[in-house]
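Trainee: Starting off with a structure, shown below.
There are 2 protein chains.
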Amino acid sequence: MSEAASLELGRFLPYRLSVTAECISRVFAESYERRFGLTIPEWRVMAVLGEGAPRPTQAVIEATEMDRVKVSRAVTRLVDKGLVTRRTAPEDQRSQILALSRKGFGLYGQIVPLAHALQAELTAGLGAEELALLDRVLESLHAKAREIGSRS
Amino acid sequence: MSEAASLELGRFLPYRLSVTAECISRVFAESYERRFGLTIPEWRVMAVLGEGAPRPTQAVIEATEMDRVKVSRAVTRLVDKGLVTRRTAPEDQRSQILALSRKGFGLYGQIVPLAHALQAELTAGLGAEELALLDRVLESLHAKAREIGSRS
DNA sequence: GCCAACCGGTTTCTTGTGAAACCATCGGCG
DNA sequence: CGCCGATGGTTTCACAAGAAACCGGTTGGC
């Protein structure tokens, strides 16, 4: 098969996915930065805490799929900015409970509409069924990648 | 609308896309590194040059969607490893013509089957029509992102 | 022809990242 | 109890990434 002999980068899925994701991230990052002075890791932490309930750091790590170093640094910056509060968990002195401060919730309330608007703009031109399928496909790819990664 | 008040990170497209792409990149990067000692930027350069014809650096920059610094560094490493040749273009002394060396083609021939195999494994469980749709959707998202990014 | 703006590519510098080392605390087992 | 391995989180270190400065080389206008 000629497929085996060469590879067109532009049709190679990991490449396409990576380039697209990076491009989108750049656009969003620029917006968050310009309007709110937040990086993407910071925004992700806020997004999780914005759901309402305070959470231990560990839960934030899982929910954001970022490693603990990244989360630790993002949280430190958010605390410095007064957007997040950090208190040690009473039942385990090592663990910390994170929550948005009043100011944090205020900012969160401003970001969410922007995020939704950007996402809407990005997906304009795509039908609901296409987006639903995209969701499933991403889920499948992610699961497969995890699986391949974990067994090597 | 309650949509405007909160945002579930796990259903937020840029997040999903970014996490999935990163996870896949990690898996591929590990394979390339382990078996061939290549980083992803290096692999991308080789993939483009593997198409056959020698190309100026500028063309590689465009085809890989990486910035010139990244390409410059990747090429330097590839030349050091003897996988790529670099000669100054006769018609413009500033520009360089890049090509795979014999050894480079040899390695390329080994990588391509692995890349195809990994991609096949990754997309196992997805139908051809789903993959075709994914392609179109990624294309659309990428185009939109470029558009949004360029006008701000 | 010559100077200035431009362009291809590299180097420098600052910053973000993740691995590994680290510190404090916790839980289990002798 | 009291040690010892495991766990939550931070810090250190080495390195990749991108912005901006830089260095030839080129081109266009006078």
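These protein sequence lines map, in sequence, to chains A and B.
Following my numbering from start to finish, the first sequence increments by one per residue and tops out at 152.
Following my numbering from start to finish, the second sequence increments by one per residue and tops out at 1152.
No residue lacks a Cβ here, since even glycine has one placed at the ideal position from N, Cα and C.
For B/T1088, does the three-state DSSP call read helix, strand or coil?
Mentor: B/T1088: strand per DSSP, three-state reduction.
Trainee: Tell me whether B/S1025 sits in a helix, a strand or coil according to DSSP, three-state version.
Mentor: The DSSP-derived three-state label of B/S1025 is helix.
Trainee: Using a Cβ-Cβ distance cut-off of 8 Å, determine whether A/S6 contacts chain B.
Mentor: yes
Trainee: Grab me the residues of B/E1129's own chain with a C-beta within less than 8 Å of its C-beta, minus the 5 sequence neighbours each way, in chain order.
Mentor: none
Trainee: Any beta-carbon of chain B closer than 8 Å to the one on A/K144?
Mentor: It does; some Cβ of chain B falls within 8 Å.
Trainee: Measure from the C-beta of B/S1152 to each C-beta in chain A and report whether the shortest distance is under 8 Å.
Mentor: By this cut-off, B/S1152 is an interface position.
Trainee: Measure the beta-carbon distance from A/L98 to A/Y108 and round it to whole angstroms, keeping in mind my assumption that it falls under 8 Å.
Mentor: Going by Cβ atoms, the distance from A/L98 to A/Y108 rounds to 13 Å, so no, they are not a contact pair.
Trainee: So, does the CB of B/V1075 fall closer than 8 Å to a CB anywhere in chain A?
Mentor: no
Trainee: In the DSSP assignment, what are the bridge partners of B/R1055?
Mentor: Per DSSP, the beta bridge partners of B/R1055 are B/L1098.
Trainee: Within 10 angstroms of its Cβ, does A/M1 collect 16 or more other Cβ (buried), or is it exposed?
Mentor: Annotation note: pLDDT 45 at A/M1 (below 50); position unreliable, no value reported.
Trainee: Would you call the CB atoms of A/L126 and B/S1018 closer than 8 Å?
Mentor: no
Trainee: CA-CA distance, B/T1085 and A/E147?
Mentor: 38 Å
Trainee: Comparing the C-beta of B/T1057 with each C-beta of chain A, is any distance below 8 Å?
Mentor: no
Trainee: Spell out whether any CB of chain B is found under 8 Å from the CB atom of A/E33.
Mentor: no
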